[in-house]
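Enquirer: Can you read through this structure? Questions will come right after.
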Amino acid sequence: MNSPQLKNPIWLDGQYNNRALVPEHGRHFAEWAAASDQARRTLTAMLDVQYGHGAGETLDIFPAARMPGRPPAPVVVFIHGGYWRSLDKSDHSFLAPAFVKRGACVVMPNYALCPAVTIPDITLQMVRALAWVYRHIKVHGGDPERITVIGHSAGGHLAAMLLACKWPLVGGDLPDALVRNALSISGLYDLEPLLHTPFLRDSLRLTPAQVKKASPARLPAPLPMGDRGHLYTVAGALESSEFLRHNQLIQDAWGRDVVPVCEALPGLNHFSVLEALVQPRHRLHRMALELLA
Numbered sequence: 000m001n002s003p004q005l006k007n008p009i010w011l012d013g014q015y016n017n018r019a020l021v022p023e024h025g026r027h028f029a030e031w032a033a034a035s036d037q038a039r040r041t042l043t044a045m046l047d048v049q050y051g052h053g054a055g056e057t058l059d060i061f062p063a064a065r066m067p068g069r070p071p072a073p074v075v076v077f078i079h080g081g082y083w084r085s086l087d088k089s090d091h092s093f094l095a096p097a098f099v100k101r102g103a104c105v106v107m108p109n110y111a112l113c114p115a116v117t118i119p120d121i122t123l124q125m126v127r128a129l130a131w132v133y134r135h136i137k138v139h140g141g142d143p144e145r146i147t148v149i150g151h152s153a154g155g156h157l158a159a160m161l162l163a164c165k166w167p168l169v170g171g172d173l174p175d176a177l178v179r180n181a182l183s184i185s186g187l188y189d190l191e192p193l194l195h196t197p198f199l200r201d202s203l204r205l206t207p208a209q210v211k212k213a214s215p216a217r218l219p220a221p222l223p224m225g226d227r228g229h230l231y232t233v234a235g236a237l238e239s240s241e242f243l244r245h246n247q248l249i250q251d252a253w254g255r256d257v258v259p260v261c262e263a264l265p266g267l268n269h270f271s272v273l274e275a276l277v278q279p280r281h282r283l284h285r286m287a288l289e290l291l292a
């Protein structure tokens, strides 16, 4: 980010503090909580399954309805946001019913939160979570060859990192295209501005080395393989100019072959854009289904 605004703390806080930008954010969180509670009470679910032994290393599984003679279900792994320092998978159970209804198996992993851990630590936790999903999801009716990762905000950053992961280096049993495709909603692709953003600085404790290591836009583009290896990136058109810049940045960095879809969705802010993901007639929901097909 070559801009004099990079070191303007007031401007950076104004760009990245989404709760301040959306004064009604509390209403969104309250609605998510109520709908998530309802989802956990009405759907078949396995909650707090361990994918590792570290802090926060659990996931929730919402299996697809099993139909005799049907092939295994496509898998949606949803990674929550919260600037790597807040929120929880349980806050996002409300997203599961729309995909279970369409025949998908939904997995929601948790991760430890900053400042107890770093963003590279969290990225490696998500690598472990996805390796666990690949190795175990068949038991729950999911197809390990059809894993799509969806992430919001910090989760959008993690989704892109997982698409770029060199999986055979993680485990000899893991395929290059373990993540079939990814959808990143309001993702962050270059962490450098967050080094200088006052309300985030103390909790994220980013270093220049971490920025280089964990910024998707600074990493080599994944190699698409047929219908695999693509990233769809979207943001709400009402989000800050920095979030809209990040949205375009990853397409510019990785190219249109890898990032064929880059859109700002009209009328949506940083929180309402996530709700659009599960609105059956919304463009964003259709994008997700397209990646699952």
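With numbering that gives the first Met the number 0, letter number 293 in the sequence shown gets 292, and the count goes up by one each step, no holes.
We put the beta carbon where it would ideally sit given N, CA and C, even for glycine.
Being a predicted model, the structure only gives us computed values, none of them experimental.
1. Give the secondary structure of Gly186 by DSSP, where H, G and I count as helix, E and B as strand, and everything else as coil.
2. Determine the direct distance from the alpha carbon of Leu230 to that of Leu168, and round the result to whole angstroms.
3. CB Leu267 to CB Leu276, shorter than 8 Å?
4. Can you have a look at Ala103 and say buried or exposed, based on whether 16 or more other CB atoms are within 10 angstroms of its CB?
5. Once DSSP output is grouped into helix, strand and coil, what is the label at Met286?
6. Would Gly154 be called buried (16 or more neighbouring beta carbons within 10 Å of its own) or exposed?
7. For the beta strand (DSSP E) holding Glu144, just list the boundary residues, first then last.
8. Quick check on DSSP: helix, strand or coil for Glu30?
9. When you compare each of Leu161, Leu194, Asp172 and Asp189 to Val178 by their alpha carbons, which one comes out closest?
10. From the DSSP output, in three-state form, read off Met160 for me.
11. Please identify the residue among Ala130, Pro108 and Gln37 whose C-alpha is closest to the C-alpha of Ile60.
12. Which residues mark the beginning and the end of the beta strand (DSSP E) in which Thr206 is found?
13. Output the boundary residues of the beta strand (DSSP E) element that contains Leu58.
14. Taking 8 Å as the threshold, find out whether the region 253 to 263 comes into contact with the region 192 to 206 through three or more Cβ pairs.
15. Could you work out which residue in Asp226, Asp87 and Asn180 is closest to Ala158 when comparing CA atoms only?
16. Going by alpha carbons, who is nearest to Val116 out of Arg280, Gly53 and Ser185?
17. Measuring straight from C-alpha to C-alpha, what distance separates Cys261 and Phe270?
18. Beta-carbon separation of Val272 and Ala220 under 8 Å?
19. Below 8 Å on the Cβ atoms is my contact criterion, and I expect Val106 with Val126 to pass it. Report the Cβ-Cβ distance as a whole number of Å.
20. Let me know the secondary structure DSSP gives Pro8 once reduced to three states.
21. Report yes if the C-beta distance between Gly140 and Ala176 is below 8 Å; otherwise report no.
22. Assign Asn180 to one of three DSSP states: helix, strand, or coil.
Expert: Reading from the atomic positions:
1. Note: Gly186 maps to coil in three-state DSSP.
2. Inter-residue distance for Leu168 and Leu230 is about 21 Å (C-alpha atoms, whole angstroms).
3. Taking 8 Å as the Cβ cut-off, Leu267 and Leu276 do not qualify as a contacting pair.
4. Buried.
5. In this structure, Met286 counts as helix in the three-state DSSP scheme.
6. In this structure Gly154 is buried. Its beta-carbon is surrounded by 16 or more other beta-carbon atoms within 10 angstroms.
7. Run containing Glu144: Gly141 to His151, per the beta strand (DSSP E) assignment.
8. In the structure shown, Glu30 adopts helical secondary structure according to DSSP, grouped into three states.
9. Comparing C-alpha distances from Val178 to each of Leu161, Leu194, Asp172 and Asp189 shows the shortest one belongs to Leu161.
10. Helix.
11. Among Ala130, Pro108 and Gln37, the Cα nearest to that of Ile60 is on Pro108.
12. Going by DSSP, Thr206 is part of no beta strand (DSSP E) at all; its letter is neither H nor E.
13. Segment Thr57 to Phe61, the beta strand (DSSP E) holding Leu58.
14. Too few Cβ pairs lie closer than 8 Å, so no.
15. Measuring C-alpha to C-alpha distances from Ala158 to each of Asp226, Asp87 and Asn180 identifies Asn180 as the nearest.
16. That would be Gly53, whose Cα lies nearest to the Cα of Val116.
17. Take the alpha-carbon of Cys261 and the one of Phe270: they are about 18 Å apart.
18. No, the pair does not count as a contact, with Cβ atoms beyond the cut-off.
19. Contact between Val106 and Val126 fails: their C-beta atoms lie close to 14 Å from each other, not under 8 Å.
20. Looking at Pro8 - three-state DSSP - the assignment turns out to be helix.
21. No; because the gap between Cβ atoms is not below 8 Å, this pair is not in contact.
22. Strand.
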